[in-house]
Each structure stands twice: as structure tokens, then as C-alpha cells.
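Converting from the sequence shown to this note's numbering requires adding 1 to each position, the first position being numbered 1.
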Amino acid sequence: MKDVLTVFFKEMRRFFTDRRTLAALFIPGVLIFVVYTIMGNLVSSQIDSISSSPENTEFRIAYTDNYGMEGKPVLIQGMELVVSEGKEGNSVLGEAISTQDVEAYKEKVKNEELHLLIVFSEEFEKNVIGSSSSTDNSISFFYNAASSVSSYIYSLTTQLVPSCYDKYQVNVVDGSYQDPNLGEGDYAMGQVMSFLFPMLTIALLFSTILTICPESIAGEKERGTIASLLLTPAKRTHLAIGKILALSVTAIASGFVSFLGIILSLPELFGGTVDFFSVFTPGAIVVLFFLIITALFLFVTMGLFVSAFAKSVKEANAYLTPVMIVLMVMAIVPSIVDLSNIGFAFVPLLDIIVSMNLIIVGAEASLLIPYIAVTIVMNLILSGVFIFLVAKIFDDEKVMFTR
């Protein structure tokens with residue numbers, strides 16, 4: 002028991018008298034609290050912003066004129082009442098159209114010229130409000146999920162339907178379901194994805210660095226095998242570059258698998274409602290791939306620099322773990338602040354996260370292409386700087402032979 006207590010107090014003394022170890026023990030916990038607090042508030046604000054009514058908006062609505070009653074449909078009257086009692090400046094512009102014009106008005110919804118199209122079955126209101134027992138009464142809605150205004154008015158209208166009608170089917174015509182979304186994207190999903198995707202991706206990529214980099218050089222220092230490696234005839238610069246290339250290939254392979262994992266897990270993450278290709282176009286996937294590759298290369302060279310400088314694997318992890326947490330915090334920033342100005346592309350690490358965010362939200366090519374081009378160039382330049390620093394450390398006997 003005396004020996005056990007001796008070792009116990011020795012270890013406790015080492016933990017609580019080493020400032021770096023203390024930082025590694027307690028700073029992550031503090032940062033995690035901050036991150037999750039911000040995440041919780043941000044998710045709530047994102048949900049509120051998606052579901053809240055826009056201001057000073059004229060909701061452009063079209064509905065078929067075959068509903069079988071005099072005056073405006075009850076649903077349209079209810080919608081006008083709710084909108085007028087909502088935020089100041091909002092109004093509904095309703096237009097009755099012939100059933101022959103439905104396809105033309107669907108195109109207007111796709112082009113965001115119209116916010117909502119409502120298609121009634123023949124004599125719909127006469128049947129559902131009267132005594133008809135027909136089961137063929139249907140009401141169909143068509144909107145553009147890529148538009149926040151269209152998404153809002155669609156959500157509002159579908160919530161009003163049960164209070165206006167009874168004995169009906171929604172978006173079912175002749176026994177077949179019709180997809181209400183006519184847009185190519187999904188505004189609400191894009192907002193959520195722009196928040197979650199950079200954070201999840203950065204976490205997965207950097208976790209690979211935490212796994213392979215500390216052990217690569219700092220681990221060899223601990224085991225004493227670095228000495229025999231450095232005493233070989235090979236140039237130390239070549240040794241450093243060889244390690245960097247080997248770890249880069251390993252990290253890229255791991256990152257590719259992680260990337261596939263993200264793609265395959267998205268449907269399950271959002272309850273089977275998300276198609277990856279509804280958020281990412283083929284061009285965006287190619288750009289994202291090159292962005293991830295250069296980001297991984299930067300992370301590897303940075304991780305090896307830390308590993309070469311550190312005396313042990315534990316110390317290397319103590320340096321790298323806070324970097325990962327800071328990256329997670331940075332992943333939240335683009336959802337709070339507009340960082341699309343090209344000047345932010347010159348900010349290391351933050352530019353990677355903002356680039357991912359811009360890809361997801363579908364930024365214009367005139368903004369996206371220069372931003373990502375600068376980001377990729379910055380990643381490569383910084384990777385070169387870390388390669389140079391690692392090579393210099395390999396030539397420093399004091400650092401490399403310190404254990």
C-alpha cells in the first residue's frame with residue numbers, strides 16, 4: 002500500500018504542478034461547455050428563424066377555381082386572416098386560376114415567381130363542407146423548398162387545413178402521392194446542414210490527425226527509436242518529408258472513408274428525409290473533395306510539427322486537442338456572422354470552414370470560386386511552412402534527442 006500511495010502522490014504531483022498537463026485536463030472541459038452552450042442557442046435560433054414569418058412580404062398564392070363554392074375558399078380566407086394578424090407589412094395576394102393552367106403555374110413556383118400553388122379536386126369545398134361522403138376529395142399543395150418565403154407559407158397553410166376542412170386527402174390524386182416540393186433544394190435543410198456539416202467534417206478529419214500524428218515522431222522519441230532513424234545516412238529533410246507523405250496518404254485515405262460515412266449517414270441523421278445530392282451538386286462535391294484534401298494536408302503537416310516539437314505523445318495530444326476544440330468553435334461562427342467577404346479567405350483554418358458553409362448554402366459562383374481558390378492556395382502555402390519547420394526541427398539535436 003505504501004508503494005501504491007507513493008506512485009499515486011507522485012502522479013498527482015506531476016499532474017497538478019505541470020501547467021501544460023493542467024491545461025490539457027481542464028481547458029477542453031471548459032471549451033466543450035462553451036461549444037455546446039453556443040450550439041444549443043444556435044440550433045434554437047436556426048429553428049426559430051426557419052419557422053418564423055418573414056417581414057414586409059407579399060405572399061403570392063394561386064389556387065384552382067373548381068372548389069365549387071361562392072367567394073374565396075375558406076382556406077384562403079383563413080390564411081389571409083392569420084397573415085394579417087401576424088407581422089406588420091405582410092399580406093396575401095391570391096389568384097384563382099383554371100385547372101388547365103396548373104402546369105404553367107408549377108413552373109412559376111419553380112422559378113420563385115409564385116410562393117404557393119393550391120390545387121383542389123372538383124367541387125372540393127362543396128363536398129367537404131356539405132354532406133357528401135365522397136372519399137376522392139383531395140387538396141394538393143406545391144411550393145419551393147429552396148425559398149424561405151415559400152417554405153413558410155406552405156407550412157402555415159398545411160397547418161390551417163384541418164381547422165378549415167374535413168374528409169379530405171392531401172397531395173393524393175387518383176391514388177398516387179404527389180411531391181409538394183417543386184424546387185431543386187431545401188432551404189430549411191440547407192440551413193441545418195450549413196451548421197452541422199462543417200462541424201462534423203472538421204471533427205472527423207482532425208480526429209484522424211490526433212490518432213496518427215502524435216505517435217509518429219513524439220512516440221519515437223519516447224521509445225528511443227528516433228535516434229537510430231536520425232543516424233542513418235539519409236538526409237534529415239528527406240526523413241521529415243517521407244514521414245509527411247506517408248501520413249498524408251494515410252490521413253487522406255481515412256478522410257475519404259470518413260467523407261463516405263458522412264454521405265451514407267445523412268439520411269439516418271435526419272430521419273431518412275435527406276438526400277445528399279439535394280444539398281450538394283456534382284460540381285460542389287468535386288470542389289469539396291479538393292478542399293478536404295488540402296485541409297487534411299495542412300492538418301497533417303501541422304500535427305507533425307507539433308509531434309516533432311513535443312517530448313512525448315501525451316504532450317503532443319495536449320497541444321493538438323485544444324486546436325481541435327477551437328476548430329469546432331470556429332465551425333459555428335459562419336452561422337452567426339457573415340464571413341463571405343473574400344478577405345476572410347486569408348484567415349487560416351477559418352477559411353476552410355467558411356468555404357464548406359458557402360458550398361452548402363449554394364453561394365454564387367462569382368463568390369464561391371475565388372473564395373475556395375484562395376482557401377486552397379492558403380492551405381498549400383501553410384502546409385509548405387509547416388514542412389519547412391518540421392525539417393528544421395529534425396536538424397535540431399536538442400529538440401530531437403530530448404525525452
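For glycine and all other residues, C-beta sits at the position ideal for the given N, C-alpha and C.
Would residue i and residue j be called neighbours here (beta carbons separated by less than 9 Å)?
i: Thr159; j: Leu292; result: no
i: Asp129; j: Tyr166; result: Contrary to the premise, residue 129 reads as Val rather than Asp in this sequence. Contact: yes.
i: Glu395; j: Thr212; result: It is worth fixing the name first, because residue 395 is Phe in this sequence and not Glu. No. Outside cutoff.
i: Val161; j: Gly79; result: In the sequence as presented, Val is not what sits at residue 161; that position holds Leu. Result yes, Cβ atoms of Leu161 and Gly79 sit closer than 9 Å.
i: Met379; j: Asp352; result: yes
i: Ser85; j: Val93; result: yes
i: Ser356; j: Phe298; result: no
i: Phe300; j: Ala364; result: no
i: Pro181; j: Tyr153; result: no
i: Ala317; j: Ala247; result: no
i: Val383; j: Pro335; result: For clarity, residue 383 is Leu in the given sequence; the question names Val instead. Their beta carbons are not under 9 Å apart, which means Leu383 does not touch Pro335 by this criterion.
i: Ile210; j: Met329; result: no
i: Glu223; j: Val150; result: no
i: Ile333; j: Met200; result: yes
i: Ser341; j: Leu368; result: yes
i: Ser139; j: Val173; result: yes
i: Leu118; j: Tyr64; result: yes
i: Tyr372; j: Ile354; result: no
i: Pro215; j: Gly304; result: yes
i: Thr295; j: Ile245; result: no
i: Val75; j: Leu157; result: no
i: Glu124; j: Asn91; result: no
The alpha helix (DSSP H) that contains residue i, what's its start and end?
i: Glu113; result: Looking at the DSSP string, Glu113 is not in any alpha helix (DSSP H), and its letter there is neither H nor E.
i: Pro55; result: From DSSP, Pro55 is part of no alpha helix (DSSP H); its letter is neither H nor E.
i: Ile373; result: 366 to 395
i: Pro283; result: 283 to 310
i: Met407; result: As displayed, the chain neither begins before 2 nor continues past 404, which places residue 407 out of reach and without an answer.
i: Pro323; result: 314 to 337
Is residue i near the ligand NAD, with its Cβ less than 8 Å from a heavy atom?
i: Glu104; result: The ligand NAD is not among the ligands present in this structure, which contains no ligands whatsoever.
Give me whichever residues DSSP pairs with residue i in a beta bridge.
i: Gln170; result: Ser139
i: Ile361; result: DSSP lists no partner for Ile361.
i: Val120; result: Ser141
i: Tyr178; result: Val173
If you follow the beta strand (DSSP E) that residue i is in, where does it begin and where does it stop?
i: Thr158; result: First-last for Thr158: 149 to 165, but that is the alpha helix (DSSP H), not the beta strand (DSSP E).
i: Ile98; result: 92 to 98
i: Ile62; result: 59 to 65
Among residues of its own chain, excluding the 5 on either side of residue i, which ones have a beta-carbon nearer than 6 Å to its beta-carbon?
i: Leu241; result: Reading off the sequence shown, one finds Ala at residue 241, where the question assumed Leu. If we look at Ala241 and ignore the five residues flanking it on each side, its Cβ neighbours are Val391, Ala392, Phe395.
i: Val307; result: Ala317, Tyr320, Leu321
i: Gln170; result: Ser139
i: Ser122; result: Asn138, Ser139
i: Thr18; result: none
Which same chain residues, not among the five before or five after residue i, have their C-beta less than 7 Å away from its C-beta?
i: Arg61; result: Leu94, Leu115, His116
i: Phe347; result: Val375, Met379
i: Phe207; result: Phe300, Met325, Leu328
i: Phe198; result: Met357, Ile361
When you compare the CB of residue i with every CB in chain B, is at least one pair closer than 9 Å?
i: Thr65; result: The structure shown contains no chain B; it is built from a single protein chain.
What residues in its chain sit with their C-beta under 8 Å from that of residue i, if we drop five residues either side in the sequence?
i: Asp397; result: none
- [ ] Would you be able to state if there are at least three C-beta pairs under 8 Å between the stretch 140 to 158 and the stretch 96 to 114?
- [x] yes
Task: Given 8 Å, three or more beta-carbon pairs between the stretch 283 to 290 and the stretch 347 to 367 - done: Three or more Cβ pairs drawn from the stretch 283 to 290 and the stretch 347 to 367 lie within less than 8 Å of each other, which places the two stretches in contact.
Task: Three or more C-beta pairs below 8 Å linking the stretch 381 to 390 and the stretch 322 to 329 - done: Counting Cβ pairs under 8 Å, fewer than three are found: no touch.
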